[in-house]
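Engineer:
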Amino acid sequence: MSTTTHRSPPSAARRRWLTLAGTAVALAAMSHIPARAAAPRVIQVHARRFVFTPNQIKLAPHESVVFELTSEDITMGFSIPQYGVRADVPPGPPVRVAAQAGDAGTVEFLCDIFCGSGHETMNGALIVG
Ligand SMILES: [Cu+2]
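So the sequence shown is residues -37 to -1, 1 to 92, counted in mature numbering (1 follows the signal peptide of the UniProt record, and there is no 0).
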């Protein structure tokens, strides 16, 4: 019987792959470091007939944020008309939409997809200040 093994020294390609894998692990570890100010704050907003939760959200003037939107029952709209931001929010995985606050003040957000009687009052406020 042959005693030949098929083990061979790592090829250059394999060594390179290992280096890349090591880098990926290092980056993954770094991602657990708390986000710096440069990363936009993620704000979760949940929609169901006919309520957004929360329906009052405080933002700093000119703060960049990401809204992470979920719907419990049917496709909702999430719209901040004054900032020109909107997204469809179907039930299922979260939908992310970026927004940047303006000057201090109160800005309305609302559902802009008809979702039943009660839709007209499905809204909330961004309190910028
Ligand atoms: Cu609606």
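The beta-carbon is built from N, C-alpha and C at its ideal position, and this holds for glycine as well.
Could you please give me the residues that DSSP links to Phe30 through a beta bridge?
Structural biologist: For the purposes of this step, residue 30 is taken as the residue at position 67 of the sequence shown. Looking at the DSSP assignment, Phe30 forms a beta bridge with Ile6, Val60.
Engineer: With distances taken Cα to Cα, identify the nearest neighbour of Gly81 among Val5, Arg12, Ala1.
Structural biologist: Counting from one through the sequence shown, the residue named residue 81 turns up at place 118. Comparing Cα positions, the closest option is Arg12.
Engineer: Taking Gly92 and Phe15 to be in contact with their CB atoms under 8 angstroms, please state how far apart those CB atoms are, rounded to whole angstroms.
Structural biologist: Here residue 92 refers to the residue found at position 129 of the sequence shown. Here residue 15 refers to the residue found at position 52 of the sequence shown. That pair is no contact at about 20 angstroms.
Engineer: Would you check whether ligand 1 has a heavy atom nearer than 7 angstroms to the C-beta of Phe77?
Structural biologist: One-based indexing of the sequence shown puts residue 77 at position 114. Yes - ligand 1 has a heavy atom lying nearer than 7 angstroms to the Cβ of Phe77.
Engineer: Express the C-alpha separation of Phe72 and Glu83 in angstroms, rounding to a whole number.
Structural biologist: The residue labelled residue 83 in the question sits at position 120 within the sequence shown. The residue labelled residue 72 in the question sits at position 109 within the sequence shown. Cα-Cα distance, rounded: 12 angstroms.
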